[in-house]
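Q:
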Amino acid sequence: MSYLNNPAIVMDNGTGLTKLGFAGNDSPSWIFPTAIATAQPSTTKKASTGLGGSQSTSTGGNAFFGNSTSATSFNDLAASSLLSNNLAGKRGTEDLDFYIGNEALAASQGPSYSLSYPIRHGQVENWDHMERFWENSIFKYLRTEPEDHFFLMTEPPLNPPENREQVAEIFFESFNCAGLYIAVQAVLALAASWTSPKVTDRSLTGTVIDSGDGVTHVIPVAEGYVIGSAIKNIPIAGRDITLFIQSMLRERGEADTSLRTAERIKQEYCYVCKDIVQEFNKFDRDPQKFAQFIVENNEKTSRKVVDVGYERFLAPEIFFNMEIATSDFLTPLPTVVDQTIQACPIDVRKGLYNNIVLSGGSTMFKDFGRRLQRDLKSIVNSRIAQSELLSGTKSTGVDVEVISHRRQRNAVWFGGSLLAQTPEFKSYCHTKKDYEEYGPSIVRNFSLFNMV
Amino acid sequence: MLHLRPHNLLVQKTLSEALEANTNGTPLTLDRIVSDFDYTTLHISNAPENKGVLWLSIRTKAWQSISQCGSGLVEFILTKYSGLGGVSAARTEPGYDFTLQVDLSALQPDAIVQLSLLKVIIMSFPFQLAFDKVAQLMQLPEGSNSTDEVHKIQYRDDENIFIKPSNDRITVIFETFFQDETDKVFGKVFLQEFVDARKRNRSIQSAPQVLFSHEAPLEISRVVNQGRSERSKRFITFVLFPRHFQTPELQFSSVCHLALFRNYFHYHIKCSKAFMHTRMRYRVDSFIKVLNRAKVDEEDDAQGDASRRTISGRKMVY
Numbered sequence: 001m002s003y004l005n006n007p008a009i010v011m012d013n014g015t016g017l018t019k020l021g022f023a024g025n026d027s028p029s030w031i032f033p034t035a036i037a038t039a040q041p042s043t044t045k046k047a048s049t050g051l052g053g054s055q056s057t058s059t060g061g062n063a064f065f066g067n068s069t070s071a072t073s074f075n076d077l078a079a080s081s082l083l084s085n086n087l088a089g090k091r092g093t094e095d096l097d098f099y100i101g102n103e104a105l106a107a108s109q110g111p112s113y114s115l116s117y118p119i120r121h122g123q124v125e126n127w128d129h130m131e132r133f134w135e136n137s138i139f140k141y142l143r144t145e146p147e148d149h150f151f152l153m154t155e156p157p158l159n160p161p162e163n164r165e166q167v168a169e170i171f172f173e174s175f176n177c178a179g180l181y182i183a184v185q186a187v188l189a190l191a192a193s194w195t196s197p198k199v200t201d202r203s204l205t206g207t208v209i210d211s212g213d214g215v216t217h218v219i220p221v222a223e224g225y226v227i228g229s230a231i232k233n234i235p236i237a238g239r240d241i242t243l244f245i246q247s248m249l250r251e252r253g254e255a256d257t258s259l260r261t262a263e264r265i266k267q268e269y270c271y272v273c274k275d276i277v278q279e280f281n282k283f284d285r286d287p288q289k290f291a292q293f294i295v296e297n298n299e300k301t302s303r304k305v306v307d308v309g310y311e312r313f314l315a316p317e318i319f320f321n322m323e324i325a326t327s328d329f330l331t332p333l334p335t336v337v338d339q340t341i342q343a344c345p346i347d348v349r350k351g352l353y354n355n356i357v358l359s360g361g362s363t364m365f366k367d368f369g370r371r372l373q374r375d376l377k378s379i380v381n382s383r384i385a386q387s388e389l390l391s392g393t394k395s396t397g398v399d400v401e402v403i404s405h406r407r408q409r410n411a412v413w414f415g416g417s418l419l420a421q422t423p424e425f426k427s428y429c430h431t432k433k434d435y436e437e438y439g440p441s442i443v444r445n446f447s448l449f450n451m452v
Numbered sequence: 001m002l003h004l005r006p007h008n009l010l011v012q013k014t015l016s017e018a019l020e021a022n023t024n025g026t027p028l029t030l031d032r033i034v035s036d037f038d039y040t041t042l043h044i045s046n047a048p049e050n051k052g053v054l055w056l057s058i059r060t061k062a063w064q065s066i067s068q069c070g071s072g073l074v075e076f077i078l079t080k081y082s083g084l085g086g087v088s089a090a091r092t093e094p095g096y097d098f099t100l101q102v103d104l105s106a107l108q109p110d111a112i113v114q115l116s117l118l119k120v121i122i123m124s125f126p127f128q129l130a131f132d133k134v135a136q137l138m139q140l141p142e143g144s145n146s147t148d149e150v151h152k153i154q155y156r157d158d159e160n161i162f163i164k165p166s167n168d169r170i171t172v173i174f175e176t177f178f179q180d181e182t183d184k185v186f187g188k189v190f191l192q193e194f195v196d197a198r199k200r201n202r203s204i205q206s207a208p209q210v211l212f213s214h215e216a217p218l219e220i221s222r223v224v225n226q227g228r229s230e231r232s233k234r235f236i237t238f239v240l241f242p243r244h245f246q247t248p249e250l251q252f253s254s255v256c257h258l259a260l261f262r263n264y265f266h267y268h269i270k271c272s273k274a275f276m277h278t279r280m281r282y283r284v285d286s287f288i289k290v291l292n293r294a295k296v297d298e299e300d301d302a303q304g305d306a307s308r309r310t311i312s313g314r315k316m317v318y
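Laid out in structure tokens, this is it:
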């Protein structure tokens, strides 16, 4: 069979961004928002009246909509456009009128499309939209015939198995894909860390700190299995840092305080410092540290100069001293990591301390890993000292190692690409034939990669 | 919408990025695999010694059969790129069928679209041969102007395209085969619709005639191998008349549509399935609603039930 030569497709659908690409590449081919713009029901109604007046059926549908007593949410627009039971009203091609990704963002500026994000908190909420999102991303963006390719999908930790089955149904029944593997994002992030020179043994045990735009997860993984009971979330991530920078710019009354500027400053100037007080002194002594950021508009006609000050080191400091930005959550990241590992079975804890892997855009700050390692080490060492004092015996000590690497931003996708290019990958996948034999429940279990 | 573009978006994007980075003085390090329909893989990489020069290699299943259609395939491709600055032939990369060398410093932005059309250009070679043949046959006197020439493009494992030129038309026949039973049913409806649409809709009378059959049409019965899987094969025929290939622009758009026909067709099947699934999900939800309405309210407990009712039979509300 000649599909064996085709590269596998790695799809990482996140809450904010979707990463698509081919196994073996070093970066995703496409990164765009997981957004879909569908034709609004108002325009479809207009279209159908134009076609020959099915106005009564659609208003009938809306009346039915108003009487709904079910708890099931029908708030999304696609569903309400489908509420008319009359098939004659469905002659149009409304279901084909949609855009995804950046095109969706552009289309939603106009009046006739409405934007929706089918993934919430990492999990697929709207399967209708997701199915169309996939269909367009496979055919239009990746230009592949799904029958010829194997697919590696990702899922968040603690994804219900029903969702996996739903994914399998769509991929095997709608798309007839050759084979499917669904991997947990944290495990792929661990695999991505193998590119770091610090990693000597390719084990799938470690703690993954995944910080994207919306939320930060601390996920312990032992031998490729996620320890679900110990996962901790921190409601602070990239967006909060951007907002913090924006508020600092506003307080100082800078010339440009848009969210976009704040985000650019975050990406280009921010770093993690060793000690805030020292860093403040350093800044006051040495004005060179203050940077200037120049905002140009699209036509490059006007220039605004924005000074970048203490936020260079204060913004990433939020992870370590939450109280400077919020009062909702006050446990610093190193403490959360320590609590997570302490909540795990005692025999894997050493491995988890040994291999703390960063993933996601908000862990990209310079020296982020180093600071985390130092803080965590001091927590661990003080605990060891206390237990030595209490028990009177000598501890063998615990190594704390935080691994940062170059592929951190798209670590999950990169890990997927790394695993999917191995010759064994296809033997770990479930194929269309298996699916037809056993049904969707087959995807509840996948054998783990054992990379040598 | 559902329109599939003839050019490869990803090649276009990658090359545009590379060109922009190169003009900014920071050439990208590239080693990318890009895929296209029908067992086509493209590889974009830096030339070993110079980062400003890219190699664009292609490997496609159809290459072998296309190169057997007639001589001069490589020359044909190169003439398509001859007018573009910075694009030249290169030594073919091992594992690939054809390699173009792209010099980013001399590349014009307009040439990028042309480069991302590489696969279509390869596919258009046998069509071009057919166009030339028709032009040649038209000049010949009546009686001697027929040919048995049939070009066969083996673009997938079980599926082929046959192109037969004759003195006043070109017949393009797609052999289709479905791996999946559901697809077969959808496909049949779609193919029949292709045939019927032209009869019903007056505004598309100028479109090529479409025929659909279960047996190999007579034009190609000689070249089709009567294999085992013959029963599940379907044939769809497009008849191109001279008005479809009069000018080079028309020729190009005809070839683009035909080269993408199968992908477009399968894309549509997938989309209709997705639509069916949407309807099914909606239907299941509405059934669940009906079931929920039919649910009897939870009785609190058997003995307390009687005491909590008023004399008229209503429930007491606390």
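Line order of the protein sequences matches chains A and B.
For the first sequence, full-length UniProt numbering begins at 1 and goes up steadily by one.
For the second sequence, full-length UniProt numbering begins at 1 and goes up steadily by one.
In this text, a Cβ means the ideal position worked out from N, Cα and C, and glycines have one as well.
#1: With H, G and I counted as helix, E and B as strand and the rest as coil, what does DSSP make of D31 (chain B)?
#2: Would V87 (chain B) and L100 (chain B) be called neighbours here (beta carbons separated by less than 8 angstroms)?
#3: So Q179 (chain B) contacts chain A; which residues on that side make the cut at Cβ distance below 7 angstroms?
#4: Going along the region 33-50 of chain B in order, which residues come within less than 8 angstroms of chain A, judged by CB to CB distance?
#5: Hey, out of A:R164, A:T205, A:L158, whose CA is closest to N233 (chain A)'s CA?
#6: I'd like the list of long-range same chain contacts for E254 (chain A), defined as Cβ closer than 7 angstroms, with 5 residues on each side in sequence excluded.
#7: Between the region 146-154 of chain B and the region 236-245 of chain B, can you find at least three pairs of beta-carbon atoms closer than 8 angstroms?
#8: At a CB-CB cut-off below 7 angstroms, which residues of chain A make contact with A274 (chain B)?
#9: For a contact meaning CB atoms closer than 8 angstroms, what does Y267 (chain B) contact in chain A?
#10: If you draw a straight line from the alpha carbon of G25 (chain B) to that of G16 (chain A), how long is it in whole angstroms?
#11: Around the Cβ of M138 (chain B), are there at least 16 other Cβ atoms within 10 angstroms (buried) or fewer (exposed)?
#12: In this structure, how does DSSP classify D375 (chain A) when only helix, strand and coil are distinguished?
#13: When you compare only the Cα positions, how much space is there between E169 (chain A) and I182 (chain A)?
#14: When you compare each of B:T23, B:S16, B:F174, B:C69 to R262 (chain B) by their alpha carbons, which one comes out closest?
#15: Report all residues from its chain with a CB closer than 7 angstroms to the CB of K133 (chain B); omit the five preceding and five following residues, and keep chain order.
#16: Output the distance between the C-alpha atoms of E135 (chain A) and P118 (chain A), rounded to the nearest integer angstrom.
#17: Tell me, please, whether the CB atom of R281 (chain B) is closer than 8 angstroms to any CB atom in chain A?
#18: Is any heavy atom in the ligand FAD found nearer than 7 angstroms to the beta carbon of G224 (chain A)?
#19: With distances taken Cα to Cα, identify the nearest neighbour of P440 (chain A) among A:A107, A:F172, A:G21.
#20: Mapping DSSP to helix, strand and coil, what is Y435 (chain A)?
#21: Between which two residues does the alpha helix (DSSP H) carrying A315 (chain A) extend?
#22: So, do the region 215-224 of chain B and the region 242-249 of chain B have three or more beta carbon pairs nearer to each other than 8 angstroms?
#23: Using a cut-off of 9 angstroms between C-beta atoms, extract the partners of T26 (chain B) located in chain A.
#24: Does chain A have any CB closer than 8 angstroms to the CB of N8 (chain B)?
#25: Do I9 (chain A) and F175 (chain A) have their C-beta atoms closer together than 8 angstroms?
#26: Use the C-beta contact count for M248 (chain A): other C-beta atoms within 10 angstroms, 16 or more gives buried, fewer gives exposed.
#27: Which two residues bound the contiguous beta strand (DSSP E) that contains S124 (chain B)?
#28: Quick one: give me the first and last residue of the alpha helix (DSSP H) that Y428 (chain A) is part of.
#29: Using a C-beta to C-beta distance shorter than 7 angstroms, which residues of chain B count as neighbours of L115 (chain A)?
#30: So, does the CB of I311 (chain B) fall closer than 8 angstroms to a CB anywhere in chain A?
#31: Which value, in whole angstroms, describes the spacing of the CA atoms of K45 (chain A) and M11 (chain A)?
#32: Just to confirm, is the Cβ distance from Y214 (chain A) to A237 (chain A) under 8 angstroms?
#33: Please list the terminal residues of the continuous alpha helix (DSSP H) segment that includes S413 (chain A).
#34: Within 8 angstroms, do at least three Cβ pairs link the region 76-86 of chain B to the region 109-118 of chain B?
#35: If you compare alpha carbons, which of B:A130, B:S232, B:E17, B:Y96 is closest to K188 (chain B)?
#36: Report buried or exposed for H266 (chain B), applying the criterion of at least 16 other Cβ atoms within 10 angstroms of its Cβ.
A: On the basis of the supplied data:
#1: strand
#2: yes
#3: E147, N176
#4: Within the region 33-50 of chain B, those residues whose Cβ lies closer than 8 angstroms to any Cβ of chain A are, in chain order, I33, V34, S35, D36, F37, D38, Y39, T41.
#5: With respect to the C-alpha of N233 (chain A), the residue from A:R164, A:T205, A:L158 having the closest C-alpha is A:L158.
#6: Correct list, in chain order: V306, D307.
#7: no
#8: What A274 (chain B) touches in chain A: E131, R132, E135, S174.
#9: E135, F139
#10: 32 angstroms
#11: exposed
#12: DSSP places D375 (chain A) in helix when its eight states are reduced to three.
#13: 13 angstroms
#14: B:F174
#15: T147, E149, P165
#16: 14 angstroms
#17: yes
#18: This structure lacks the ligand FAD; in fact it carries no ligand of any kind.
#19: A:F172
#20: helix
#21: 311-317
#22: No, the region 215-224 of chain B does not touch the region 242-249 of chain B.
#23: Within chain A, no residue comes near T26 (chain B); the closest Cβ sits about 15 angstroms away, beyond 9 angstroms.
#24: yes
#25: no
#26: buried
#27: It is not in any beta strand (DSSP E) - S124 (chain B) instead sits in the alpha helix (DSSP H) that spans 118-139.
#28: 425-428
#29: Here the premise fails: no neighbours, minimum Cβ distance about 17 angstroms.
#30: no
#31: Residue placement at K45 (chain A) is flagged as unreliable, the pLDDT there being 41, under the threshold of 50; a coordinate-derived value is accordingly withheld.
#32: Checking the sequence shown, residue 214 (chain A) turns out to be Gly, not Tyr. Cβ atoms of G214 (chain A) and A237 (chain A): closer than 8 angstroms.
#33: Note that residue 413 (chain A) corresponds to Trp in the displayed sequence, not to Ser. Per DSSP, W413 (chain A) belongs to the alpha helix (DSSP H) from 411-420.
#34: yes
#35: B:S232
#36: buried
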